[in-house]
Amino acid sequence: MKTPFTTRQAKPGDAPALHELVCALAEYEKLTHLCTGNAEQLHEHLWGAKPYAEALIAEVDKGDVPYAVGFALYFHNYSSFLTKPGLYLEDLFVLPEYRRNGIGEALFREVAIKAVERDCGRFEWAVLDWNAPALSFYRKLGATVMPDWRICRATGSIIRCMADLEL
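Using this note's numbering, read the sequence shown as starting at 35 and increasing by one per residue.
Shown next as structure tokens:
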């Protein structure tokens, strides 16, 4: 029997629950050593003076209280080739015990709807190459896994070194 759930746009009081889910995602991906933020920073970046991202939350009822079991965090990027904004799905996660209830698909489709409503030229995300269940999930929804593109990343002191580079 499927667990009933609802999805909604995250609101300021959701930062602690969202951060707990982010930590659960980091644990699932074996990347807890990289999870250094906190709920206060997340709140500021989602609802502060200059928001950088948006989020959706999936909830189930535990007694009479809604309980956050999944989330999608996304933000705009831009395609100069298309001269259109894009939407980038940074995180999509559902607690393992609530998977196979349609929660991940519902969250994913809601972000895709936002991309259509905002006339985005692209809807993109990254998947770890070892995450076979996620790769299968996205292919089932019609996504193309891009074989020729790799994500490059700089963090921490490397960004500072890059900013100080002299050519």
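Quick reminder that beta carbons are idealized off the backbone N, C-alpha and C, glycines included.
Between the alpha carbons of His53 and Leu68 lies a distance of about 14 Å.
Residue environment analysis places Val99 among the exposed positions, since fewer than 16 neighbouring C-beta atoms fall within 10 angstroms of its C-beta. Within the same chain, Cβ atoms closer than 7 Å to the Cβ of Gly138 are found at Gly104, Leu126, Val128 and Phe171, the five residues on either side in sequence being excluded.
Sorting Pro130, Arg134, Asp163 and Ala177 by C-alpha distance to the C-alpha of Glu61 places Pro130 at the top.
Taken through DSSP and simplified to helix, strand or coil, Trp81 comes out as helix. The Cβ neighbour count for Phe142, taken over all protein chains shown within 10 Å, is at least 16; the residue is labelled buried. In the three-state scheme derived from DSSP, where H, G and I count as helix and E and B as strand, Thr66 is classed as helix.
Cα atoms of Gly136 and Arg173: separation of roughly 15 Å, rounded to the nearest angstrom. The beta carbon of Leu76 lies closer than 8 Å to those of Ala49, Leu52, His53 and Val56 in the same chain, with the five residues before and after it left out.
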